[in-house]
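Encoded as structure tokens, the structure appears first; notes follow it.
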Amino acid sequence: MELKINNLSKTYSNGVKALQNISLEIPNGMFGLLGPNGAGKSTLMRTLATLQEADNGSATLGGIDIFKQKNELRQVLGYLPQQFGLYPKISAEVLLNHFAVLKGITNKNLRKETVHALLHKTNLYAVRKQNLSGFSGGMKQRFGIAQALLNNPKLLIVDEPTAGLDPVERNRFYNVLSELGENTVVILSTHIVEDVKEMCTNMAIINQGQVLLNGNPLKVIENIEGKVYQKTILKSELESYKKNYQVISEKLFLGKPIVHILSDSNPGNSFSAINADLEDVYFSQLFGNNKNI
Ligand code: ADP
């Protein structure tokens, strides 16, 4: 199964170009859609989930034309929106059973089996009798995944699933997603580089509705290997470093800025070479002058 997106464009009525000729080919496995807030990630995901229309372009999942065969797509779609706001005072098991009814699993035994299997898969079986209203953020997100998996989807879309989760909960969430196997196209949108590094076999960086880079995370890191240098400087020096070097990121460490720069050769001036990281790739795409690395 492959998801093919061709020249997708969307301009909102206020003139914002949220998607500008997006084309991507996404195979089975985890695909990370990485970009800052406002990049167009949610717009792309809602469009692929057939919740809103694009102005132009097409998309197919295997033999399904997503925009022309919406019902067919919805039968093989699992979607966890950015805000999954339903946390009533009923138990996880009861609500998941209810969703299973809505998704058309009419056989009672099969439904019970499916619900229990998903509660195990998402590590919620032990708390299945507890009310969702008392769940932590991470438990709620895992419940969201359980409901999205009810129809055994071929395309699973999860929009910013780790926003607001603490590191332990994020890890649990990663583990659940990474066990989904290779038979599903999973698109995960995030502005957190770590999410993509930990989980995804393929990725794209998007900004202002455009794809800046698309590839395998390790390969895209390789492309800038040997070109990233770092130095701890004084705050007062930052502006002049930005003028003289291709600064891709600056971070404070113990109150002092550490800058990362891109350079084809050793820049001297006490810079030290470092191993490139996915963050360096991300920042170089968003903030570097040379966008074509
Ligand atoms: P992301 O998910 O990457 O944060 P979005 O797809 O939510 O990005 O937004 C992309 C751009 O489109 C932003 O500039 C946002 O303000 C704008 N936008 C999103 N939804 C709407 C809407 N319904 N009407 C007008 N502008 C919108």
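Note that full-length UniProt numbering numbers the sequence shown so that position 146 is 146, with each residue one more than the last. Beta carbons: idealized from backbone N, C-alpha and C, even for Gly.
Under 8 Å between C-beta atoms of residue i and residue j
{"i": "glycine 62", "j": "glutamate 2", "result": "yes"}
{"i": "alanine 54", "j": "threonine 47", "result": "yes"}
{"i": "asparagine 151", "j": "lysine 103", "result": "yes"}
{"i": "aspartate 280", "j": "isoleucine 248", "result": "yes"}
{"i": "glycine 35", "j": "isoleucine 157", "result": "no"}
{"i": "glycine 38", "j": "threonine 190", "result": "no"}
{"i": "residue 297", "j": "arginine 170", "result": "This structure gives no information on residue 297, because the portion of the chain shown stretches from 1 to 293."}
{"i": "residue 294", "j": "phenylalanine 271", "result": "Lying outside 1 to 293, the shown extent of the chain, residue 294 is not represented and no answer is given."}
{"i": "threonine 122", "j": "valine 211", "result": "no"}
{"i": "serine 284", "j": "leucine 262", "result": "yes"}
{"i": "lysine 10", "j": "glutamate 25", "result": "no"}
{"i": "alanine 92", "j": "leucine 119", "result": "yes"}
{"i": "asparagine 183", "j": "threonine 201", "result": "no"}
Candidates the options: closest to residue i by CA position
{"i": "glycine 144", "options": "Asn21, Tyr79, Thr184 and Glu113", "result": "Tyr79"}
{"i": "asparagine 21", "options": "Val220, Thr162, Gln147 and Gly40", "result": "Gly40"}
{"i": "aspartate 195", "options": "Asn183, Thr184, Ser178 and Val185", "result": "Ser178"}
{"i": "arginine 74", "options": "Leu155, Leu95 and Tyr282", "result": "Leu155"}
{"i": "threonine 162", "options": "Asn71, Gln82, Ile274 and Ala117", "result": "Gln82"}
{"i": "leucine 149", "options": "Tyr174, Ala100 and Arg128", "result": "Ala100"}
{"i": "asparagine 214", "options": "Tyr282, His260, Leu51 and Gln52", "result": "Tyr282"}
{"i": "glycine 137", "options": "Ala117, Val193 and Val168", "result": "Val168"}
{"i": "arginine 128", "options": "Gly164, Lys89 and Tyr174", "result": "Lys89"}
{"i": "alanine 204", "options": "Leu44, Lys17 and Gly15", "result": "Leu44"}
{"i": "leucine 180", "options": "Ile224, Met30, Leu124 and Lys242", "result": "Met30"}
{"i": "asparagine 6", "options": "Ser23, Ile192 and Val16", "result": "Ser23"}
Residue i to residue j span [Cα, whole Å]
{"i": "asparagine 28", "j": "glycine 209", "result": "23 Å"}
{"i": "serine 133", "j": "alanine 126", "result": "16 Å"}
{"i": "glutamine 69", "j": "valine 186", "result": "20 Å"}
{"i": "leucine 278", "j": "proline 267", "result": "21 Å"}
{"i": "aspartate 65", "j": "valine 115", "result": "30 Å"}
{"i": "proline 264", "j": "leucine 234", "result": "Residue identity check: residue 264 is aspartate in the sequence provided, not proline. If I take the Cα positions, the gap works out to 24 Å."}
{"i": "asparagine 290", "j": "tyrosine 245", "result": "Interpretation of asparagine 290 is limited by its pLDDT of 49, a score under 50 that renders its predicted location unreliable; the figure taken from the coordinates is listed afterwards. Cα-Cα distance, rounded: 12 Å."}
{"i": "phenylalanine 287", "j": "lysine 140", "result": "35 Å"}
{"i": "glutamate 113", "j": "glycine 255", "result": "55 Å"}
{"i": "phenylalanine 67", "j": "leucine 19", "result": "16 Å"}
{"i": "leucine 188", "j": "glutamate 198", "result": "12 Å"}
{"i": "tyrosine 12", "j": "asparagine 269", "result": "48 Å"}
{"i": "valine 94", "j": "glutamate 222", "result": "48 Å"}
{"i": "isoleucine 105", "j": "threonine 50", "result": "22 Å"}
{"i": "glycine 164", "j": "isoleucine 192", "result": "11 Å"}
{"i": "tyrosine 174", "j": "lysine 17", "result": "32 Å"}
{"i": "glutamine 52", "j": "tyrosine 241", "result": "45 Å"}
{"i": "isoleucine 293", "j": "glutamate 225", "result": "Interpretation of isoleucine 293 is limited by its pLDDT of 40, a score under 50 that renders its predicted location unreliable; the figure taken from the coordinates is listed afterwards. Taking the straight line joining both Cα atoms gives about 11 Å."}
{"i": "histidine 260", "j": "lysine 243", "result": "14 Å"}
{"i": "asparagine 14", "j": "serine 236", "result": "40 Å"}
{"i": "valine 72", "j": "leucine 124", "result": "Note on identity: in this sequence residue 72 is glutamate, with valine being the wrong assignment. If I take the Cα positions, the gap works out to 30 Å."}
{"i": "phenylalanine 135", "j": "leucine 8", "result": "38 Å"}
Whole-Å CB distance - residue i paired with residue j, under 8 Å assumed
{"i": "leucine 238", "j": "proline 153", "result": "Rounded, the Cβ-Cβ distance is 47 Å, inconsistent with contact."}
{"i": "aspartate 159", "j": "serine 42", "result": "6 Å"}
{"i": "alanine 276", "j": "tyrosine 229", "result": "Not confirmed; about 10 Å, so no contact."}
{"i": "leucine 96", "j": "glutamine 147", "result": "6 Å"}
Contact with chain D by residue i, beta-carbon distance below 8 Å
{"i": "serine 136", "result": "Of the protein chains in the structure, only one exists, and it is not chain D."}
Length-filtered (3 minimum) beta strand (DSSP E) runs lying within the segment 31–97
Annotation: the segment 31–97 contains the following complete segments of the beta strand (DSSP E) (minimum length 3 residues), in chain order: 56–61 and 77–80.
Ordered list of alpha helix (DSSP H) runs contained in the segment 212–274, each at least 4 residues
217–222 and 238–244
I'd like the ranges of any alpha helix (DSSP H) spanning at least 4 consecutive residues and lying wholly in the segment 97–130.
108–121
Which residue spans inside the segment 118–201 form an unbroken beta strand (DSSP E) run of at least 3?
155–159 and 185–190
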